[in-house]
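Enquirer: The following block contains the structure, expressed as C-alpha cells.
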Amino acid sequence: MRTLISNGTVITPQGSHDLDVLVEDEKIVALLQPAGTSENITADTIIDATGKYVVPGGIDVHTHMELPFGGTFASDTFETGTRAAAWGGTTTIIDFAVQRAGEEVRACLDSWFAKAEGNCAIDYGFHMILGDVTEGALKEMDTLVGEGITSFKLFMAYPGVFYSDDGQILRAMQHAHENGGLIMMHAENGIAIDVIAEQAAARGQTDPVYHGITRPSRLEGEATHRAIQLAIVAGSPVYFVHLSASEALEQVAAARNEGLNVFAETCPQYLYLNLEDHLGAPGFAGAGYVCSPPLRTKHQHHHGDLWRGLRTNDLSIVSTDHCPFCMKEQKELGLEDFRAIPNGIGGVEHRMDLIYQGVVAGELSLARWVETCSATPARMFGLWPQKGALLPGADADIVVYDPNATTPISVETHHMNMDYSAYEGIEIAGAVDTVLSRGKIVIGKDATGKREYLGKAGDGHYLRRGLSQYLL
Ligand code: DUC
Ligand code: ZN
Ligand code: ZN
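Counting in our numbering, the sequence shown runs from 9 upward without gaps.
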C-alpha cells in the first residue's frame, strides 16, 4: 500500500523544503523532488498538498487520560482523548501511569496498560508517576527503564497525595543518575501553598480565582531552583513539566547557561490564558481554568517570557498537560471551596493549532513549531527517529496542515469529552487538513471535502521507549 503526499512544503527543524513524501505501508520510504522523480511513482493514494505544509505528526508528552483526581476521573478516556488528539494533528501521546502512597508501582502500571490497550486511536507510551518513593519503588524504577518506561514524574506539590520530600527526590535522582532515566518535576512548593490556601479559605476566599492567588509564581521559582540543586548533587538530569512562570524560566535558563542537563516544557494554557480574565471569570466560570501550576497574572511578563523561552530553547517542548474535567458534576465539586475543584484543563486537540498560531503571530518560526511539538519530544523521550522525523524509515505519522484555512475553537466543534472549551472563541489562522498515523489516513476528507475521522479504537500501538537522546 503506497501513499504519495505531493506538492507540499515539508517542514522540519532544519527548515522548509518543497518535497514529496512517499509512504509504503506504515513507513516513510522516500522524500522526492516534486518535479520529475515522483511523476514516475505509482501510488494507491495521492494526497495533493499544494499550498500546504507537511509536518511530522505531533507528539504530546504530557496527558492524563482517565486520571483519578480529587474524587473524580479526568473525563477523556484513552479512546476519546486519543481520537481528539488525532483530530488536532497529534499522532503520539505519552500518558502518566500513577502510583500513590501505599501502592505497588508494578500493579499501578499494569492497570494503566489495561486502560489503554485496544482503545487508542494513535500510538502511546507511558511515564510513571512515583507518588510514594519507597525502596521498592526505586528498585522498580530501575527495572522499568529497561522495559521502555524511561521517565518518572515526581511532585513537590500536593502533600498527602503525590508529594515527595527533598530526601525522596534526591534518592530518585540518584537512581536516575545510575539507570539513565529522566526525572520529570512538578515544581511548586506545595507545603507553603497548602498553608496559604488554608488561610485564604478560612477568610472566606473560596472562589476559583483564589486557586491562582494562593499559588504564587515565586513558589514555582523556588521549587525549580531547589530541584536543580538536588539534581546537581545527585548528578542527574531534570526535566520540568508545565513550566508556567518567569521566575521558574529564569532558573532553568541559568542552569542551561552553565551547561547543565536541565530541560523544561510549557503548555498552551500558560501562553494564552491568564489569572484575571480566565481564572477570575465571573461566577464559577473560573473553575474551568483551575490547573496547577495556575494561570499567571497578565500584569507581569510571563506570556512574553515563555514565548521567548520557546524561541531560545530554554523551553524545549510544548505539551498540553491534558487533564479535562467537565464543569457539570466535576468542576462543580468545588462550588463551595476552590481547593475541591479538580485540577486540570483539556487541550490535547488544540496544541498543534495553538502553537502554529504563535508562528502566525511572529513568536516562533515554522521550524521551531515542529521542533517543539514533535521532533524534540521524540528525542527527549527516546522515540527518535521512529517518531518525530520525516525521514525514510520513520513511522509515517504525518500531518498536512493548511495555512489558508481557519479553525474555530469551541465546545460545539471540539472532539474532547468536555462540556466547555478553555479556548472558546479563539480562531486559528490555519487548520489540520489530513493526518496519517503509521501510514493510515485517520483524519481525511469525505466526498464533500468535510474532514472526517477514519481511524478506530485500537489503531494505536504501545511504544516501548529508549533513553532520552539529550543525555547520551
Ligand atoms: N496539574 C493539573 O492541573 N492536573 C493534574 C496534575 C497536575 O499536576
Ligand atoms: Zn504536574
Ligand atoms: Zn500533568
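Cβ atoms here follow ideal geometry from the backbone N, Cα and C, with glycine treated the same way.
This one's a predicted model, so the numbers in the text were calculated from it and none came from an experiment.
1. Roughly how many angstroms separate the alpha carbons of residue 50 and residue 58, rounded to a whole number?
2. Would you say the beta carbon of residue 419 comes nearer than 7 Å to a heavy atom of ligand 2?
3. Across the segment 191 to 198 and the segment 146 to 164, are there enough close Cβ pairs to call them in contact, namely three or more that are closer than 8 Å?
4. Nearer than 7 Å: is that true of the beta carbon of residue 329 relative to any heavy atom of ligand 3?
5. Under 8 Å by Cβ, that's how I've got residue 68 and residue 327 pegged, so tell me the actual separation to the nearest angstrom.
6. Run through DSSP, which three-state label would residue 409 get?
7. So residue 439 is in the beta strand (DSSP E); what residue range does that whole segment cover?
8. Less than 8 Å between the CB atoms is what I'm expecting for residue 55 and residue 408, so what's the real figure, rounded?
9. Does at least one heavy atom of ligand 1 sit under 7 Å from the Cβ of residue 346?
10. Going by Cα to Cα distance, which pick from 274, 357 and 367 is closest to residue 443?
11. Which residue spans inside the segment 365 to 423 form an unbroken beta strand (DSSP E) run of at least 3?
12. Mind listing which residues have their beta carbon within less than 6 Å of any non-hydrogen atom of ligand 2? Chain order is fine.
13. Residue 74 by DSSP, collapsed to three states: which one?
14. With DSSP collapsed to three states, give me the class of residue 427.
15. With DSSP run on the structure shown, which of helix, strand or coil describes residue 172?
16. Report yes if the C-beta distance between residue 107 and residue 82 is below 8 Å; otherwise report no.
17. Going residue by residue through the segment 190 to 268, where are the continuous beta strand (DSSP E) segments of at least 3 residues, counting only ones entirely within it?
18. Keeping to the same chain, check which residues put their C-beta closer than 7 Å to that of residue 230; ignore five residues upstream and five downstream.
19. Look up residue 113 in the DSSP assignment and say whether it is helix, strand or coil.
20. So residue 147 is in the alpha helix (DSSP H); what residue range does that whole segment cover?
21. Using the C-alpha atoms, what's the distance from residue 128 back to residue 140?
22. Should residue 380 go down as buried or exposed, given a rule of 16 or more other Cβ atoms within 10 Å for buried?
23. Could you please give the first and the last residue of the uninterrupted alpha helix (DSSP H) stretch that includes residue 276?
Expert: Straight from the coordinates:
1. To locate residue 50, count along the sequence shown from 1; it is residue 42. To locate residue 58, count along the sequence shown from 1; it is residue 50. Spanning the alpha carbons of residue 50 and residue 58 requires a straight line of approximately 19 Å.
2. Indexing the sequence shown from 1 puts residue 419 at position 411. No, ligand 2 has no heavy atom inside 7 Å of this Cβ.
3. The segment 191 to 198 is in contact with the segment 146 to 164.
4. Taking the first residue of the sequence shown as 1, we reach residue 329 at position 321. Taking the Cβ of residue 329 as the reference point, at least one heavy atom of ligand 3 falls within a distance shorter than 7 Å.
5. As a first step, residue 68 must be located in the sequence shown, where it is residue number 60. As a first step, residue 327 must be located in the sequence shown, where it is residue number 319. About 6 Å separates the beta carbons of residue 68 and residue 327, which is inside the 8 Å limit, making them a contact pair.
6. Against the sequence shown, residue 409 aligns to sequence position 401. In this structure, DSSP gives residue 409 an extended state, which the three-state scheme calls strand.
7. Sequence index remark: in the sequence shown, residue 439 carries index 431 (1-based). That run of the beta strand (DSSP E) goes 439 to 445.
8. Taking the sequence shown and counting its residues from 1, one reaches residue 55 at position 47. Taking the sequence shown and counting its residues from 1, one reaches residue 408 at position 400. Indeed they touch by this definition, with Cβ atoms about 6 Å apart.
9. Residue numbering aside, residue 346 sits at position 338 when the sequence shown is read from its first letter. Ligand 1 has no heavy atom closer than 7 Å to the beta-carbon of residue 346.
10. As a working note, residue 443 is residue 435 in the sequence shown. Measuring from the Cα of residue 443, the nearest candidate turns out to be 357.
11. As summarised for the segment 365 to 423, the continuous beta strand (DSSP E) elements at least 3 residues long and confined to that stretch are 406 to 410, given in chain order.
12. Listed along the chain, these residues meet the criterion: 194, 249 and 250.
13. Residue numbering aside, residue 74 sits at position 66 when the sequence shown is read from its first letter. It is coil, neither helix nor strand.
14. In the sequence shown, counting from the first residue as 1, residue 427 sits at position 419. Judged by DSSP in its simplified three-state form, residue 427 adopts coil rather than helix or strand.
15. Residue 172 sits at position 164 when you count from the first residue of the sequence shown. It is coil, neither helix nor strand.
16. The sequence position of residue 107 within the sequence shown is 99, counting from 1. The sequence position of residue 82 within the sequence shown is 74, counting from 1. Taking 8 Å as the Cβ cut-off, residue 107 and residue 82 do not qualify as a contacting pair.
17. Listed in chain order, they are 190 to 194 and 246 to 248.
18. Stepping through the sequence shown from its first residue, residue 230 is reached at position 222. Excluding residues within five positions, the ones whose Cβ falls inside 7 Å are 197.
19. Numbered from its first residue, the sequence shown carries residue 113 at position 105. In this structure, residue 113 counts as helix in the three-state DSSP scheme.
20. Your numbering for residue 147 matches position 139 in the sequence shown. In the DSSP assignment, residue 147 falls within the unbroken alpha helix (DSSP H) covering 143 to 154.
21. For the purposes of this step, residue 140 is taken as the residue at position 132 of the sequence shown. For the purposes of this step, residue 128 is taken as the residue at position 120 of the sequence shown. Inter-residue distance for residue 140 and residue 128 is about 28 Å (C-alpha atoms, whole angstroms).
22. Counting from 1 along the sequence shown, the entry for residue 380 is found at position 372. Classification for residue 380: buried.
23. The residue given as residue 276 occupies position 268 in the sequence shown. For residue 276, the enclosing alpha helix (DSSP H) starts and ends at 276 to 280.
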